[in-house]
Amino acid sequence: MGVLRKICLLFLILFAFYACRKPSAANWDVDVVFPVVKSTLNIKNFIGDSIFVADNTGLLSLNVNREITAIKLDSLLSLPDTSIVNTFTVPFPTNLTPGQSLTFFPSTELDFDVSNGVSLKWIDIRSGQLTVKFTNDLAEPLDLLYVIPSAKKNGQPLTIFETVPPTPAVLVKTYDLTGYNLNMRGANGLKYNTIVQAYTVTLNPNANPVSVLFGQGAKAELTYSDIIPNYVEGYFGQQTISIPLDTANFDIFNNFQASNFLLNNATLNFKILNEFGAEFTANLSNIKSINSYNSNSVTLNNGSLSNMNINRATKVGYTIFPSIKTVSLTNTNSNIVPFLSNLPNKLTYQGSINVNPLGNLSGYNDFAFYNTGIRVLADINIPLRFNADYFKLISTSIVDLSSVKQLENVNQGNFIISALNGYPFRAEIQAYLMDDQNQVVDSLFIPATNFIEKGVTDVQNIVTSPTQSKLVVPFSKARIENLRKTKAIKLVTYFRMPPNPPDIKIYENYSIDLNIIAELNYNVKTN
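Throughout, this note's numbering is defined as the position within the sequence shown, counted from one, plus 48.
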C-alpha cells in the first residue's frame with residue numbers, strides 16, 4: 049500500500065523536475081517520454097517485511113506480537129505520603145548555655161501505613177522528598193540534628209542539620225530522597241514498614257544563654273511525599289488488582305477492509321509475563337475483537353483464560369528472570385478464526401489479578417523493580433489462506449502544490465503504468481484529490497480502465513503465470529488546476545478475489561512487476 053501511495057506522489061514530483069531545467073533563449077512546447085520507476089512489489093511491501101514467514105511450501109503466514117495491557121509496580125503497592133510532628137521540649141524549667149542540649153531524646157520509629165496488608169522490609173528510592181517545617185519557641189536560635197539511621201546513601205545515613213531561628217520565624221526545608229535505601233525493619237529488626245529516626249537539639253554556640261520554661265523548645269513537622277520505589281522487598285499481601293474494562297488499539301488491520309472474509313486457520317497465544325517476585329492467579333474476560341469500520345464485534349470464547357496460576361519471577365542480583373504463562377488458542381479449542389476474521393482494529397478486555405493467593409510463601413521475600421510488572425502479550429499467527437470477495441485498502445497522503453509554479457507550464461500528458469501481476473486477484477485502483485474541506489475535486493484513474501488483472505490461476509486458485517495490464521493516468525489543464533487545489537490524496541485499492549472455493553493462498557514467490565513511464569507536453573518559457 050505504501051508503494052502505491054508513493055507512485056501517486058511521484059506524479060507530483062515530476063512536475064518539480066522541470067524547475068531544474070536550464071533555461072534557453074526560446075519559448076516552445078516539448079514532448080518528452082522518460083521512465084519514472086521500475087520495481088517489483090510483493091505483499092511484504094504492503095504490510096511490512098518483518099512480520100511474514102514462509103513455510104516449507106512457500107505459503108506465507110502473518111506473525112504479529114502486541115502488548116495488550118500491563119500492570120506496573122504502582123498498581124501493586126504505593127507508599128502513602130506520611131507526616132509526623134516531633135516536639136523537643138524540656139520537662140522542667142532550666143537555663144541553657146550555648147552548645148547545651150535541651151534534654152535527651154531517644155530514637156523513635158516512624159510507621160508507614162501501607163495498604164492491602166503489604167509488609168515491606170527494604171526500599172530503594174527512585175525519587176521522593178522529605179519536607180520539614182521547623183519552629184522554635186525560644187528567644188535564641190537552636191541547632192537541630194535529625195538523623196535517619198534506616199535511610200542510607202553510599203553507606204551514609206540521611207543527616208539533616210539546621211539552625212532554627214527564634215520565634216516567630218519559621219524554617220521550611222525540602223530534601224531530596226533520590227538514591228536512598230530504606231531499611232524498613234524498625235529499631236529491633238522485627239517490624240515492617242518502619243524506619244528509625246534520632247534527634248539532637250542544642251542551643252546554637254553563638255546564641256546567648258536563655259531561660260527555658262516547661263514545655264518550651266522546638267518542633268519539627270516532617271512529611272515524606274511522592275516516594276517512588278526503584279526496588280521493594282517484603283510481603284505484598286493478599287490483594288486483588290482489578291483490570292477495568294478497557295480498549296486497546298490493534299493496528300494490524302488498520303485501513304484494511306474486506307467483504308465476506310474468513311480465514312482458514314489462525315492461532316493466538318496469550319503470554320502473561322510476570323516480572324514481580326510474587327505468585328498470582330489471573331482472570332481475563334470480555335475479550336472482543338471490534339471492527340469499527342463495519343461496527344461488528346466478536347467475543348472470544350475460551351475458558352482457559354480463567355483462574356490462571358502464574359509463578360513468581362526470580363532474580364540474580366538486579367537481573368530479573370520473569371515467569372511466562374502461555375495460553376494457546378486454536379480453531380479446535382476456541383473461536384479464534386472468526387475472532388480474527390473480523391479484522392479488528394480494536395480489542396476490549398477486562399480481568400483481575402489476585403496477589404499471593406496462597407499467602408506469604410516467600411517468607412517476606414517478594415520483590416519488584418520500577419517499571420516492571422505483569423505484561424499480557426498476544427502472539428498471533430495467521431496463515432495467508434482465506435476466502436473473501438475483496439479487500440479494500442485506504443491510505444491518505446498530505447500534499448500542497450499551490451505554490452509549484454511549474455504546474456502552469458504543463459500542457460498535458462499521461463503516466464502509463466505497466467503491471468505484470470503474479471497474484472491471484474485483480475487490483476482496482478483510484479486516487480482521489482481532496483481539497484482543504486476534505487472534499488473530492490478530482491480522481492486520477494479512468495473508471496472501468498483502472499484494473500490490474502489477476503494472474504492466470506489453476507483450479508486450486510494457484511497462479512500458474514502472471515498477467516500483463518496497462519493503466520493510463522491522463523493530465524489535462526483542468527486536472528492540473530485541480531492538483532493546485534489539492535491538500536491530500538486518498539488512495540483506495542480494491543483487490544478482487546477469484547470465485548471461491550477453493551481458498552486463496554498467498555505464496556512467497558508472488559509479486560507484481562511495475563514499469564511506469566511519463567509522456568508529457570511541457571511549455572518552456574524564458575525571458
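Each residue gets a CB set at the ideal place from its N, CA and C atoms; glycine is no exception. A quick note: this is a predicted structure, and the numbers were derived from the prediction, not measured.
Indicate the three-state DSSP secondary structure (helix, strand or coil) for L225 in the structure shown.
coil
On a Cα-Cα basis, can you pick out the residue from V180, T226, N184 that is closest to N202?
T226
Are the region 471-488 and the region 530-541 in contact at 8 Å, needing three or more beta carbon pairs?
yes
Can you give me the start and stop residues for the alpha helix (DSSP H) that I384 sits inside?
384-389
8 Å contact criterion, which I132 and Y397 should meet: CB distance rounded:
With a Cβ gap of about 42 Å, I132 and Y397 do not count as contacting.
Less than 6 Å between C-beta atoms, sequence neighbours within five positions excluded: which residues of the same chain meet that for K120?
G421
Check for me: the alpha helix (DSSP H) holding I528 runs from which residue to which?
525-533
For D299, which three-state DSSP category applies?
helix
Just list the residues that DSSP pairs F182 with in beta bridges.
L219, A268
When you compare only the Cα positions, how much space is there between S273 and T288?
25 Å
Quick one: what's P392 bridged to in DSSP?
In the DSSP output, where bridge partners are listed per residue, P392 has none listed.
CB contact flag (V180, K239, <7 Å):
no
Assign G263 to buried or exposed, taking buried as 16 or more other Cβ atoms, counted over all protein chains shown, within 10 Å of its Cβ.
exposed
Got a sec? Which residues, its chain only, sit under 7 Å from P431 by beta carbon, not counting five neighbours each side?
L107, S109, N312, N313
Please confirm whether V403 and A326 have their CB atoms less than 7 Å apart.
yes
Can we say the region 463-470 touches the region 552-564, given the rule of at least three CB pairs closer than 8 Å?
yes
Three-state secondary structure assigned by DSSP to S123
helix
Ignoring anything shorter than 4 residues, give me the alpha helix (DSSP H) runs that lie fully in the region 478-533, in order along the chain.
525-533
Counting C-beta neighbours from all protein chains within 10 Å, is the total for D191 16 or more, i.e. buried, or is it exposed?
buried
Since E188 contacts A255 with CB under 8 Å, what's their CB separation in whole angstroms?
4 Å
According to DSSP, what are the bridge partners of I173?
P277
Measure how close the beta-carbons of L388 and S337 come, nearest whole angstrom, since I'm counting them as under 8 Å.
7 Å
Alpha carbon to alpha carbon, how far is L425 from R582? Give it in angstroms, no decimals.
Here the chain has residues from 49 to 575 only, and residue 582 is not among them.
Under a three-way DSSP split, which group does S354 fall into?
coil
Looking only at its own chain, which residues have a Cβ that is under 6 Å from the Cβ of I384, when we skip the five neighbours before and after it?
A314, L316, L377
Cα-Cα separation between L310 and A296, rounded to whole angstroms
23 Å
Segment contact flag, the region 192-200 with the region 239-249, C-beta cutoff 8 Å, min 3 pairs
yes
Helix, strand or coil for E327 per DSSP?
coil
Can you tell me whether E456 is buried or exposed, with buried defined as 16 or more other CB within 10 angstroms of its CB?
exposed
Please say whether F182 and V138 have beta carbons closer to each other than 7 Å?
no
Can at least three beta-carbon pairs, one atom from the region 405-423 and one from the region 515-531, be found at a separation below 8 Å?
no
N-terminal and C-terminal residue of the beta strand (DSSP E) that Q460 is part of:
458-469
Using CA coordinates, which residue listed in E323, M356, T512 is at the minimum distance from T367?
E323
C-alpha distance - N143 paired with S259, whole-angstrom precision:
4 Å
Measuring alpha carbon to alpha carbon, tell me which residue in I554, V346, R527, N379 is nearest T512.
I554
When DSSP builds the beta bridges, which residues end up paired with V133?
E269
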